[in-house]
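Below: the structure, in C-alpha cells.
There are 2 protein chains.
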Amino acid sequence: MIKTKDATTESLILEAANKVFQRKGMDGARMQVIADEAGINKAMLHYYFRSKQQLFEAVFKKTFASFAPQIIKILNEDSPIEDKIRSFTFNHISFIIQHPYLPNFIFQELNRNTEFILIIKEEIGLPNLDKFKKQVQKEVEEGVLKPIKGEQLFINILALNIFPFLTGPLIKAVVDIDDINYNKLLEERKTEVANFIINSIKA
Amino acid sequence: MIKTKDATTESLILEAANKVFQRKGMDGARMQVIADEAGINKAMLHYYFRSKQQLFEAVFKKTFASFAPQIIKILNEDSPIEDKIRSFTFNHISFIIQHPYLPNFIFQELNRNTEFILIIKEEIGLPNLDKFKKQVQKEVEEGVLKPIKGEQLFINILALNIFPFLTGPLIKAVVDIDDINYNKLLEERKTEVANFIINSIKA
DNA sequence: ATATTTGTTAACCAAAGGGTTAAACTAAAT
DNA sequence: ATTTAGTTTAACCCTTTGGTTAACAAATAT
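Taken in sequence, the protein lines are chains A and B. According to this note's numbering, the stretch in the first sequence is residues 1 to 203, in order. According to this note's numbering, the stretch in the second sequence is residues 1 to 203, in order.
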C-alpha cells in the first residue's frame with residue numbers, strides 16, 4: 001500500500017475501521033484496535049463519528065456503495081444476455097479477487113441486522129431487476145435461451161461468482177489445496193463461470 | 001459419568017446456545033441470554049461447559065456434524081454424476097430449508113477462526129473429493145459430460161445450493177419479494193438447480 | 001498579536017460481560 | 001438418619017470496553 005501523505009484523520013479512521021470491521025465484524029471489532037490501526041487516539045473515533053454504531057454504518061455504507069454499482073451495471077446494459085453474463089462475471093470476480101473480505105463482511109452484517117438493508121435501500125439504492133427479468137423473458141420467448149426465470153438466473157450468477165469467496169477456508173480444506181492453487185482456481189472462474197452459465201441456458 | 005442420568009440441563013443448554021449462537025455469532029452471543037433462553041442460572045453454563053469458548057465449540061461441532069454427512073454422501077455413492085446431482089441438490093436444499101440459519105452460522109465462524117477448520121478436520125472429518133473428481137474425469141473422457149474439473153463442479157453445486165440461504169435478506173430486497181414468495185423460489189430450486197447444472201455439463 | 005475555533009491527548013468512568021465462589025438443595029448410598 | 005456426590009442458585013469479582021472529560025496544541029479568524 002502507498003501511504004498518502006495528506007491522509008486526513010477521518011480517512012485514516014475509515015481505512016482502519018474498514019480493515020478491522022471486515023476481519024472481526026461489528027461485534028468482534030474493538031474501538032481501541034481501530035485507533036491503534038489508524039495510529040491515533042481512541043477519543044478521535046468518537047470525535048469524528050459519535051459512536052461505534054455510527055462509525056460502523058459509515059464504513060458499511062461506503063463499502064456497500066463500492067460493491068453495488070457492479071451489480072447494477074449488468075442490469076441496465078443493452079447487450080444480449082450472453083454478452084452481459086460474460087462481462088459481468090469476469091469483472092465481478094476480478095473485483096472480488098481484489099477485495100476478498102468484502103462479501104463476507106457484507107453478508108455477515110446484513111444477516112446480523114436485517115433493518116440495515118432498508119437504510120441501504122433508501123440511502124444508496126439497490127439494483128432493480130425489472131429490466132433484466134424482461135430481457136430474459138424475451139430471449140426465452142425468442143428461443144435464444146432455454147426456459148428460466150430471471151430471478152433464478154440472477155441468483156445463480158451471484159451464487160457462482162461470490163460463493164467461493166464466502167467459503168474460502170472450507171473449500172480450501174475440502175478440495176485440499178494451498179492458497180496458490182486456490183487462487184488459480186478462482187482465476188479460472190473468471191471465464192469458467194460464464195461458460196458454465198451459458199452452457200446451461202443457451203438453447 | 002453417565003450421560004442419560006440428567007441430560008435435561010445439558011441438552012437445554014446446548015439447544016439454547018445453538019439458538020443464540022446461530023443468530024448472534026460467537027462475539028454477539030451473551031452467556032446471560034443463553035442462560036435465560038434455557039431457563040437456568042448462568043453459572044450452570046460454566047458448570048457444564050467450562051467457558052464460553054468451550055460451549056461454543058460443543059455447539060459448533062454438533063452443528064457441523066449434522067451438516068457434513070449430507071455432503072460426504074454425494075461423493076461416495078456409485079450412481080452416475082447426473083443422478084447424484086439430482087438427488088444431492090434436492091436433499092441438500094430440503095435440508096437447508098429446514099435449518100435456514102445453519103449455513104450462515106457455519107461460514108461466519110469458519111471465517112472468524114480459520115484454525116477451527118483443523119479441529120473439525122481431525123475430530124469430525126471432512127468430505128474427500130478424490131472419488132468424485134475421478135468420476136467426473138471419467139465421464140468427461142467417455143463423452144457423457146462436457147469438459148469440466150471436478151473441483152469447479154463441486155464448488156458450483158455447493159454455491160447454487162447454499163448461496164440463497166446465506167444472502168436471504170439481500171436477495172429478498174433486490175428481487176423485491178416477501179417471505180412467502182421467497183420460500184416459493186427456494187422450493188423451486190430443489191429441482192431448478194439440478195436442471196441448471198445438468199443442462200450445463202451434459203454433453 | 002490575540003481571540004476563537006478545531007483537532008488531539010491522557011486520564012477517567014460506568015456498564016457490560018465472562019467467570020468464580022460458597023452456600024444450599026436434592027437424591028441416592030450407607 | 002447420616003453421609004456423600006452431584007446439581008443449582010445468588011451474589012460477587014475483575015477485566016474489558018464504549019464512551020466522556022478536561023486540559024492542551026494547532027490552526028484560523030479578528
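The beta-carbon is built from N, C-alpha and C at its ideal position, and this holds for glycine as well.
Contact with chain A by residue i, beta-carbon distance below 8 Å
{"i": "Leu170(B)", "result": "yes"}
{"i": "Phe90(B)", "result": "no"}
{"i": "Pro164(B)", "result": "yes"}
{"i": "Arg86(B)", "result": "no"}
{"i": "Thr114(B)", "result": "yes"}
{"i": "Val175(B)", "result": "yes"}
{"i": "Asn18(B)", "result": "no"}
{"i": "Lys146(B)", "result": "yes"}
{"i": "Asp6(B)", "result": "Confidence is the limiting factor: at Asp6(B) the pLDDT is only 40, short of 50, which leaves the residue's position unreliable, though a coordinate-based value still follows. With 8 Å as the cut-off, Asp6(B) does not count as an interface residue toward chain A."}
Neighbouring residues, chain A, relative to residue i (Cβ below 9 Å)
{"i": "Pro69(B)", "result": "Within chain A, no residue comes near Pro69(B); the closest Cβ sits about 14 Å away, beyond 9 Å."}
{"i": "Ser200(B)", "result": "Asn195, Phe196, Ile197, Ile198, Asn199, Ser200 and Ile201"}
{"i": "Gln152(B)", "result": "Leu185, Glu188, Arg189, Glu192, Val193 and Phe196"}
{"i": "Met104(B)", "result": "The question names Met, but residue 104(B) is Asn in the sequence shown. Ordered by position in chain A, the residues that pass the 9 Å Cβ test against Asn104(B) are Phe107, Gln108 and Asn111."}
{"i": "Asp27(B)", "result": "Lys24, Gly25, Met26, Asp27, Gly28 and Ala29"}
Proximity below 8 Å, CB of residue i to CB of residue j
{"i": "Leu186(A)", "j": "Ile97(A)", "result": "yes"}
{"i": "Phe165(A)", "j": "Phe105(A)", "result": "no"}
{"i": "Glu82(A)", "j": "Lys202(A)", "result": "yes"}
{"i": "Ile156(A)", "j": "Phe196(B)", "result": "The amino acid occupying residue 156(A) in the given sequence is Asn; Ile does not appear at that position. Yes, the Cβ-Cβ distance between Asn156(A) and Phe196(B) is below 8 Å."}
{"i": "Lys62(A)", "j": "Glu123(A)", "result": "no"}
{"i": "Glu141(B)", "j": "Gln152(A)", "result": "no"}
Residue i to residue j span [Cα, whole Å]
{"i": "Lys52(A)", "j": "Ala58(B)", "result": "31 Å"}
{"i": "Glu15(B)", "j": "Tyr182(A)", "result": "36 Å"}
{"i": "Phe154(B)", "j": "Ala159(A)", "result": "13 Å"}
{"i": "Ile13(B)", "j": "Ile34(B)", "result": "7 Å"}
{"i": "Lys138(B)", "j": "Asp36(B)", "result": "55 Å"}
{"i": "Asp178(B)", "j": "Phe67(A)", "result": "24 Å"}
{"i": "Met1(A)", "j": "Ser11(A)", "result": "With a pLDDT of 36 at Met1(A), under the threshold of 50, the modelled position of this residue cannot be trusted; read the value that follows with caution. Computed Cα separation, rounded: 15 Å."}
{"i": "His99(B)", "j": "Asn128(A)", "result": "29 Å"}
{"i": "Gln32(A)", "j": "Lys42(A)", "result": "6 Å"}
{"i": "Val174(B)", "j": "Glu115(A)", "result": "14 Å"}
{"i": "Lys134(B)", "j": "Phe90(B)", "result": "23 Å"}
{"i": "Tyr48(A)", "j": "Thr8(A)", "result": "11 Å"}
{"i": "Ser79(A)", "j": "Phe88(A)", "result": "11 Å"}
{"i": "Asp176(A)", "j": "Asn18(B)", "result": "29 Å"}
{"i": "Asp130(A)", "j": "Ile148(A)", "result": "15 Å"}
Close beta carbons around residue i, own chain, < 6 Å, minus the five adjacent residues each side
{"i": "Gln108(A)", "result": "Gly25"}
{"i": "Tyr101(A)", "result": "Gln22"}
Same chain only: Cβ atoms within 7 Å of residue i, ignoring 5 sequence neighbours per side
{"i": "Ile117(A)", "result": "Leu110"}
{"i": "His92(A)", "result": "Gln70 and Asn161"}
{"i": "Gly143(B)", "result": "Ala203"}
{"i": "Glu77(A)", "result": "Lys84"}
{"i": "Leu45(A)", "result": "Ile13, Met31, Ile34, Ala35 and Leu55"}
Chain B contact residues for residue i, given Cβ-Cβ distances below 7 Å
{"i": "Gln108(A)", "result": "Gln108"}
Within chain A, partners of residue i - CB distance below 8 Å
{"i": "Asn41(B)", "result": "Correct list: empty, because the minimum Cβ distance to chain A is about 24 Å."}
Any chain B beta carbon closer than 8 Å to residue i
{"i": "Thr167(A)", "result": "yes"}
{"i": "Asp178(A)", "result": "no"}
{"i": "Lys73(A)", "result": "no"}
Partner residues on chain B for residue i, Cβ-Cβ distance less than 9 Å
{"i": "Ile117(A)", "result": "Pro169, Leu170, Lys172 and Ala173"}
{"i": "Ile155(A)", "result": "Leu160, Phe163, Pro164, Thr167, Ile171, Val175, Leu185 and Arg189"}
8 Å CB neighbourhood of residue i in its chain, flanking five on each side removed
{"i": "Phe132(A)", "result": "Ile74, Leu75, Gly150 and Phe154"}
{"i": "Ile198(B)", "result": "Glu82, Ile85 and Arg86"}
{"i": "Leu145(A)", "result": "Ile81, Val136, Glu139, Ile201, Lys202 and Ala203"}
Cross-chain neighbours of residue i in chain A, by beta carbon under 7 Å
{"i": "Lys52(B)", "result": "Within chain A, no residue comes near Lys52(B); the closest Cβ sits about 13 Å away, beyond 7 Å."}
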